[in-house]
Amino acid sequence: MHQEKIRQAISDTFRLLWSFKWYVGLYLLYCTINIISLFDIPAADDKIFHAEATSQAWAYANQEVYIGSLRLEIIILILLFLLGTSNMRNHPLLAKAIFLSPWVYMIICLGRLF
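If you count by the working numbering, then the sequence shown holds residues 1244 to 1357, one letter each, in order.
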């Protein structure tokens, strides 16, 4: 009896996740891109770390700051993912907005560069 309730809950959860497959998929793609960039660190003499570029909004002071900011962003993305999945059942529009938020943020940042 108890196992049947667990199976039903797991089945309902997967059905709910399947209805959000595109939103969750895009979110996980963005997270994967950030994790890959964490392992592909730019060289110490890269333009992103140059002294004359430090006045730019996108410049980092050194590699340690770059790695630290990526780790912090990944932690925030994991927490936002948990927040989005917890709101899928009762607040689907909020969950969709949370799952699409990294892409909206990226578009806004790219718009400021150009």
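Think of the CB as a built atom: it goes at the ideal place given N, C-alpha and C, for glycine as much as any other residue.
Asked	Found
Where does residue 1340 sit, in a helix, a strand or coil, going by DSSP?	helix
Roughly how many angstroms lie between the CA atoms of residue 1319 and residue 1348, to the nearest whole one?	13 Å
Have a look at 1282, 1266, 1248, 1354 and flag the residue whose alpha-carbon is nearest the alpha-carbon of residue 1342.	1266
Determine the DSSP secondary structure at residue 1305, reduced to helix, strand or coil.	coil
Thinking residue 1263 and residue 1338 are a contact (beta carbons under 8 Å), I'd like their distance in whole angstroms, please.	7 Å
Roughly how many angstroms lie between the CA atoms of residue 1281 and residue 1317, to the nearest whole one?	9 Å
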